[in-house]
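To start, the structure itself, in structure tokens.
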Amino acid sequence: MTTSPNEIEVELVEEVPNASPRRYWVADSNVVLRCTRPKTGEKRTVTVPMHDRIRIGTLKSIAERAGAEDFEAFCRWIDRNR
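Each residue of the sequence shown is one higher than the one before, starting from 70 at the first, in the working numbering.
Structure (structure tokens):
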């Protein structure tokens, strides 16, 4: 579990058949994350592409679906936790 500046806990939730243990993939290049906001208990499911680089529009969409309230803080958190 990890917590972002927007207090989103993240856990991997879906395992691909025939993948090695602890590999949580959907399709060939995406991972599904379940996000729970501790203060509200709100749950969200977010699909994230597993690429070296993600376009800014895609990253903004991921942040919105995850419930991030401050995109710049979200990006700083990603940079610190790569």
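Glycine included, C-beta positions come from ideal geometry on N, C-alpha and C. The structure presented is a predicted model; accordingly, all values stated were derived computationally and were not measured.
Quick check: the segment 137–148 against the segment 115–123, are there 3 or more CB pairs under 8 Å?
The answer is no - the segment 115–123 does not touch the segment 137–148, with fewer than three Cβ pairs under 8 Å.
Between which two residues does the alpha helix (DSSP H) holding Arg124 run?
Looking at the DSSP string, Arg124 is not in any alpha helix (DSSP H), and its letter there is neither H nor E.
Go ahead and pull the three-state DSSP assignment for Arg149.
helix
Who does Thr109 pair with in a DSSP beta bridge?
According to DSSP, Thr109 bridges with nothing at all.
Can you tell me the Cα-Cα spacing of His120 and Leu128, whole angstroms?
Our two residues, His120 and Leu128, have alpha carbons roughly 12 Å apart in a direct line.
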